[in-house]
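First to last, the protein sequences are chains S, R and B. For what it's worth, this note's numbering labels the leading residue of the first sequence as 36, then goes sequentially. For what it's worth, this note's numbering labels the leading residue of the second sequence as 7, then goes sequentially. For what it's worth, this note's numbering labels the leading residue of the third sequence as 246, then goes sequentially.
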Amino acid sequence: MRRVLILAWTEVLHVVRDKATLAQVLLIPFIQLLVLSNAATFEIRNTPLYVVDQDHTSASRGLVTRFAASGDFDIVGASPSPEVANERLLAGDVTMVLTIPHDFERDLVREHAARVQLVVNAEKGMAAGIVQFYASRILARYAAELQPSVGRGTAASIGLETVPRRGAPDLDIRTRAWYNPTLDYRHYMVPGILVALVTLIGTLLTAQNIAREKELGTLEQLNVTPITRGQFIAGKLLPFWVLGMFELGAGLVLGRLVFGVPVVGSPLLLFAVSAVYLVAALGVGLWISTIVETQQQAMFVTFFIMMIYLLMSGLFTPIDSMPRWVQIVAELNPVRHFVAISRAVLVKGATLREIAQPFLVLAVFAAAVFGLAVRQYSKRAA
Amino acid sequence: MTAPNEVAIEARELTRRFGSFTAVDHITFDVRVGEVFGFLGANGAGKTTAIRILTGLLSPTSGTARVAGHDVYTESEWIKRRIGYMSQKFSLYEDLTIAENIRLYGGIYDLSKDAVRDRMSRMLSRLGLEQSAGTQVRALPLGWRQKLAFSVALLHEPSIVFLDEPTSGVDPITRRQFWELIYEAAARGTTVFVTTHYMDEAEYCDRISIMVAGRIGALGTPAELKQQFGVETIDELFVRLARPTAGAA
Amino acid sequence: MSAFAGLLRKEWLHIRRDRRTLLVVIFMPIIQVILFGYAIRTDVSGIRLAVVDPSPDASTLELRNRFAGTDAFRVVRVLPNAGALDPLFASGAIQEAILFDGDFGNKLARGLPARVLVVVDASEPNSGSAMESYAIGVIQSYQRDIATKGGAVTIVPEARMRFNPTRASSNLFVPGLIAFVLTIISALMTAISLTREKETGTMEILLVSPLRPLEIIVGKVLAYLVIGFVSVLLVVAEARLVFAVPLQGSLFLLLAEGLLFILTSLSLGILISSRTSSQRVAMIGALAGTMLPTILLSGFIFPIESMPWPLRLISNAVPAKWFVLIARGIMLKGVGLEYLWPQTLILLAMTVVLVGAATRSFRIRLA
Numbered sequence: 036m037r038r039v040l041i042l043a044w045t046e047v048l049h050v051v052r053d054k055a056t057l058a059q060v061l062l063i064p065f066i067q068l069l070v071l072s073n074a075a076t077f078e079i080r081n082t083p084l085y086v087v088d089q090d091h092t093s094a095s096r097g098l099v100t101r102f103a104a105s106g107d108f109d110i111v112g113a114s115p116s117p118e119v120a121n122e123r124l125l126a127g128d129v130t131m132v133l134t135i136p137h138d139f140e141r142d143l144v145r146e147h148a149a150r151v152q153l154v155v156n157a158e159k160g161m162a163a164g165i166v167q168f169y170a171s172r173i174l175a176r177y178a179a180e181l182q183p184s185v186g187r188g189t190a191a192s193i194g195l196e197t198v199p200r201r202g203a204p205d206l207d208i209r210t211r212a213w214y215n216p217t218l219d220y221r222h223y224m225v226p227g228i229l230v231a232l233v234t235l236i237g238t239l240l241t242a243q244n245i246a247r248e249k250e251l252g253t254l255e256q257l258n259v260t261p262i263t264r265g266q267f268i269a270g271k272l273l274p275f276w277v278l279g280m281f282e283l284g285a286g287l288v289l290g291r292l293v294f295g296v297p298v299v300g301s302p303l304l305l306f307a308v309s310a311v312y313l314v315a316a317l318g319v320g321l322w323i324s325t326i327v328e329t330q331q332q333a334m335f336v337t338f339f340i341m342m343i344y345l346l347m348s349g350l351f352t353p354i355d356s357m358p359r360w361v362q363i364v365a366e367l368n369p370v371r372h373f374v375a376i377s378r379a380v381l382v383k384g385a386t387l388r389e390i391a392q393p394f395l396v397l398a399v400f401a402a403a404v405f406g407l408a409v410r411q412y413s414k415r416a417a
Numbered sequence: 007m008t009a010p011n012e013v014a015i016e017a018r019e020l021t022r023r024f025g026s027f028t029a030v031d032h033i034t035f036d037v038r039v040g041e042v043f044g045f046l047g048a049n050g051a052g053k054t055t056a057i058r059i060l061t062g063l064l065s066p067t068s069g070t071a072r073v074a075g076h077d078v079y080t081e082s083e084w085i086k087r088r089i090g091y092m093s094q095k096f097s098l099y100e101d102l103t104i105a106e107n108i109r110l111y112g113g114i115y116d117l118s119k120d121a122v123r124d125r126m127s128r129m130l131s132r133l134g135l136e137q138s139a140g141t142q143v144r145a146l147p148l149g150w151r152q153k154l155a156f157s158v159a160l161l162h163e164p165s166i167v168f169l170d171e172p173t174s175g176v177d178p179i180t181r182r183q184f185w186e187l188i189y190e191a192a193a194r195g196t197t198v199f200v201t202t203h204y205m206d207e208a209e210y211c212d213r214i215s216i217m218v219a220g221r222i223g224a225l226g227t228p229a230e231l232k233q234q235f236g237v238e239t240i241d242e243l244f245v246r247l248a249r250p251t252a253g254a255a
Numbered sequence: 246m247s248a249f250a251g252l253l254r255k256e257w258l259h260i261r262r263d264r265r266t267l268l269v270v271i272f273m274p275i276i277q278v279i280l281f282g283y284a285i286r287t288d289v290s291g292i293r294l295a296v297v298d299p300s301p302d303a304s305t306l307e308l309r310n311r312f313a314g315t316d317a318f319r320v321v322r323v324l325p326n327a328g329a330l331d332p333l334f335a336s337g338a339i340q341e342a343i344l345f346d347g348d349f350g351n352k353l354a355r356g357l358p359a360r361v362l363v364v365v366d367a368s369e370p371n372s373g374s375a376m377e378s379y380a381i382g383v384i385q386s387y388q389r390d391i392a393t394k395g396g397a398v399t400i401v402p403e404a405r406m407r408f409n410p411t412r413a414s415s416n417l418f419v420p421g422l423i424a425f426v427l428t429i430i431s432a433l434m435t436a437i438s439l440t441r442e443k444e445t446g447t448m449e450i451l452l453v454s455p456l457r458p459l460e461i462i463v464g465k466v467l468a469y470l471v472i473g474f475v476s477v478l479l480v481v482a483e484a485r486l487v488f489a490v491p492l493q494g495s496l497f498l499l500l501a502e503g504l505l506f507i508l509t510s511l512s513l514g515i516l517i518s519s520r521t522s523s524q525r526v527a528m529i530g531a532l533a534g535t536m537l538p539t540i541l542l543s544g545f546i547f548p549i550e551s552m553p554w555p556l557r558l559i560s561n562a563v564p565a566k567w568f569v570l571i572a573r574g575i576m577l578k579g580v581g582l583e584y585l586w587p588q589t590l591i592l593l594a595m596t597v598v599l600v601g602a603a604t605r606s607f608r609i610r611l612a
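Here it is, written out as C-alpha cells:
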C-alpha cells in the first residue's frame, strides 16, 4: 500500500511541476464548459426568410406579417420573382422561401383551404427541419385566427364570406415538458460536456503518461523493482482518478452556479457512480498504453476511441435515432451510460433503483477493461 | 566450478532469439559473490539483451540462469528484491529533487522511513551533496547524476547490482570517482555486474567476459586473458576478438 | 538536393516508416465516416408513446390510430388516467404522452374547446422538440381533416427540402462529418511533430542546418499533405458509395477545396506544436482544444444560427465551419467558386496566418 501511495505522490509531483500541463488540465475543462455549453441547441431564432408573394392580397400580407412578428423568422427579402429567391438559396443566405400562390385569398374564401409553398434550404442541416416545423405552426395559428371571423362578421377585413355554419371543431393543442420545464438545453448539455472533457483529459493523460515512460525507458527502471503490476497501476492511476473526481465535482458546482443546472437527485449517488466511471475511463487509457509504443500513437488511439465515445454517447444526437446495430455498439460505450445516469439523477431525480441497470453495465465495463489492461501489462517482455 | 553459495549469477547455455535473429547465443558463465565482473562487447553484441534477461525484464528463449539464488524463468520477482539496476537510458527523474527520488525508491523497496533517512544522509555526505537534497536532479551535472544514480541503485542494499554503461559520456576524473564507489560496494560484499565500452575500465574488474555476436569469446581475469591471447592491453584483445580481420597481432 | 527538399524527404521517410501510425491515420477517417454517418441522426422513429384516454370514443380512437399508424411512434401504453405516467417517464419506458380531455369527441362535435395535451420527456430538449413537433404534426393533420369536413379554414403547406429532396439524414450530416473527421486527424498529424523533435533532441540538428524556421514549418506541413489528400479521396468516396450523398457540383473543386482544408488543419496542428516543447502539452492542446469546439462550433450538428452571438463569432475561427459550408455547397447545392470564393479565401487566409504564427512562435522559442 505504501508503494502505491509513494508512486502516486511522485506522479502528483511530476504533474504539479509541469506548469503547462497543470494549467491545461485545470483550465480547459472549465473554460470550455462555460463557453461551449451555450452552443448545443436546436432552437433557432431569426431564421432568414425570403417571401415570394404572388397574391398581394390582405390575406397574403396578413400571413407575411405573422411570419415577421413571430420572432422565429427574419424577412430578408421579398419579391414576386421565384428566380431571385432561387439565387438567394444558392447563395446560402436564406434558409427558407415562402411562396404564396396567386390564388391564396380566393381559395381561402371559396374553399376555406389554401396552399402555400415552403422551400427549405437543406444545406442548413438540422435547422432545415426545425424551421419547417416553426413555419407550420405559424400557418396553423393563422388559419385558426381566420376561423372566428367566419360567423362573427369581420370577414370584410380579409374578404371571407360569412357563411352560416355550425360550430367548427376547436381542437386545442397544449404542450408540456416533463422534467426540465424551462426546457433550458444547457441543463442538459452542461453535465454532458463536463463528462466529455474530464473523460478526454483523464484517458489521454493516463495513456500518454505510461506511453512516455515506455519511450523514455523510465518504465524499465520500475519494472526492475519488486513493485507489482497492481501496485504500479494503482499508483499511476490514483492521482488522475482524484483529479477527475475533483473536476467533476467542481464542474457540477460551476454548472449549478453559472447555469442553474438542477440537482434534483442525490449528489452522493452521483459521486458513487462517478467513482466507478472514472475507473472505467482511466482503465481505457491504461489499456491504450499497453498497446502502443510511443506517445504519438497513444494520442491517435485515444483520439479514435474518444471520438466514438463522444459521438455515440447520446450527448449530441439521440441514441434512439441510431440504427439498431449502432445502438448495440453504443451499449459498450461507458460515456453513454454515464451521461444517461447523470442526466437521470440531476434532472429527473432518479434513485439507485432507476439507474441500476446502466450502473451495473458501467461497473462491469470498468472491471473488464481494468482487468484486461492489468493482464496485458507485463513487467517482463515475452 | 565454484561452490553454489558463492555464485551470485549463473548462466548456462542462455539463449535469446528475436525471430530469426539470435541476440544471445548459448552463453555460459558464472559470477562470484562480491566480484566486480566486467561484461564487455561491441555494440549490438548482445550485452544489453543479456542484462535484461538477468534482471527479469526479458524472458530467455532457452537455457537457464540463476540470479541471487533464484531462477530467472520462475522467480524473477524474487530476483528483483535482491538486485539493483542502473540503466543506460535513464537514471533518476529529472523533475524531482534528490530527496524525492530517494524517497520514491525507498518506498518501493519497503524501507522504513528511518532507514531511508539514515541511508539518504549517509549517501549524500559520501557524495558531498548534503546541501543539495532539495535540488532537482536536472540541475546536477551529468557526472554527479551518474554517481547519485549508482548510489540510489544501492539504496536497498541489494546483493547484486547491474550497471549498464554507467560512465558513458562522463569525464575521466568522475569516472575515477565512480570506480571508487564501485570498489566500496564490492568491499561491502555487493556483487557488481558492469558493462562498459571503456577498455581501461576492464582492467579494474576482477574478471571480465567479452561478447562477440551473441557468444562469449573470452572469459577470465584481465591478467589471464592478456597472457592467453598474448596482448598487452584489453583494448587489443577486444579488437582481436571483435574484429578478427582488422589489425594483426 | 536543396535543404528544403531534403527536409521533405526526411519527413516523408518518417511517415512511411511508422507503419502503425500511417495505418491509423489512413483508416481512422474511413471507419469514422462509416460509423458516424450511421450514428449521427436526428430522425426520431419509434417514439415510445403513452396515451391517456379517460373516455375513449370515435374521435380519440381515430387519433390514436393515426399515431399507431406511423413509424414515428410506437404506442406502448394506453392508460385511463395520468397517475401512472411519472414512473414510466423516470425509467425511460415512455418518451412522450398524449393526454385527451374527458369527453373529447363530444366537445369536438359541439364546437367546444377539446384539449389534447402533449407531454414530452424534456430531459433531452433537442430530441424533445422533435418529438413534440412530430406529435403536433399528427394532431394538426387530423385537425385539418376534420376542419375541412366541417368547413373550417386550413392552410396547407407544401414543403420541399431544397438540395435534399430525399430528406436523407445522411445528406444532412455526412458533408459536415467529412469536415470534422479531416480537420482533427490533420491537426493531430502535425500537432506533435515539432515537439517530438525538441524532446528527442533532433531539433538542434535541424536548427544548425541552413534551413530557416519558415522552411522547417512549411516542410513539415507539406510532407503530410499527401496523406491528407489520400484521406480526402477516401472519405469522399465513402460518402458517395456508402451513403449515396449526391455530388451536384464539381468533384475536382471538392477535392481541391479538400486539399486546401487539409492544409489549413495541418497548419493548425503545427501552430500548436510550435508553442510548446512538451509532447504532452501539445497533445492535450490538440485533442482537448479541437475536439469539442469542432463538434459544437462548426455547424456540422448544431446550427450556428441557434447560438448566442459571441459563439457565432468564435465559430468563424473554426476552420471546419468554413469547409462544412463548402462541402455542403458543392455536394448538395452544386455551386462552384462563384458562390464559394469567400469561404475559400478565408481558408487560404487562415492557413497563411497559422503558418505565420507558427513561424513566429518557433523563432521566439529558439531565441
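Glycine is no exception: its CB is placed at the ideal position from the N, C-alpha and C atoms. Here the structure is a predicted model, which means the values were calculated and not measured.
Which residues DSSP lists as bridging residue i, in chain order
| i | result |
| --- | --- |
| Phe43(R) | Phe199(R) and Arg213(R) |
| Ser309(S) | Paired residue(s): none; Ser309(S) is not in a bridge. |
| Glu341(B) | Leu294(B) and Val365(B) |
| Met224(S) | Answer by DSSP bridge pairing: none, since Met224(S) is not bridged. |
| Arg319(B) | Arg293(B) |
| Trp614(B) | Because chain B here runs from 246 to 612, residue 614(B) falls outside it and cannot be looked at. |
Residue of the options minimising C-alpha distance to residue i
| i | options | result |
| --- | --- | --- |
| Pro301(B) | Thr596(B), Gly350(B) and Asp316(B) | Gly350(B) |
| Thr234(S) | Asn244(S), Tyr223(S) and Glu282(S) | Glu282(S) |
| Leu492(B) | Val419(B), Arg293(B), Lys352(B) and Ile437(B) | Val419(B) |
| Leu148(R) | Arg125(R), Phe168(R) and Pro178(R) | Pro178(R) |
| Ala34(S) | Ser551(B), Arg360(B), Leu459(B) and Pro564(B) | The structure shown does not extend to residue 34(S), since chain S is modelled only from 36 through 417, so no value can be given for it. |
| Thr447(B) | Met376(B), Phe249(B) and Lys255(B) | Lys255(B) |
| Gly320(S) | Val409(S), Arg80(S), Phe294(S) and Gln362(S) | Val409(S) |
Exposed unless 16 or more other CB atoms sit within 10 angstroms - verdict on residue i
| i | result |
| --- | --- |
| Lys465(B) | buried |
| Asn156(S) | buried |
| Ser512(B) | buried |
| Lys352(B) | buried |
| Gly503(B) | buried |
| Thr260(S) | buried |
| Pro325(B) | exposed |
is_contact[residue i, chain B] using C-beta, thresh 8 Å
| i | result |
| --- | --- |
| Glu46(S) | no |
| His147(S) | yes |
| Lys271(S) | no |
Beta-carbon proximity check, residue i vs residue j, cutoff 8 Å
| i | j | result |
| --- | --- | --- |
| Ile135(S) | Gln89(S) | yes |
| Gly127(S) | Gly574(B) | yes |
| Gly318(S) | Phe394(S) | no |
| Ile507(B) | Val526(B) | no |
| Ala48(R) | Ile33(R) | no |
| Lys566(B) | Glu158(S) | no |
Short CB-CB distance (under 8 Å) between residue i and chain S
| i | result |
| --- | --- |
| Thr70(R) | no |
| Glu106(R) | yes |
| Ile114(R) | yes |
| Asp101(R) | yes |
| Arg87(R) | yes |
Test: residue i CB closer than 8 Å to a CB of chain R
| i | result |
| --- | --- |
| Leu240(S) | no |
| Pro358(S) | no |
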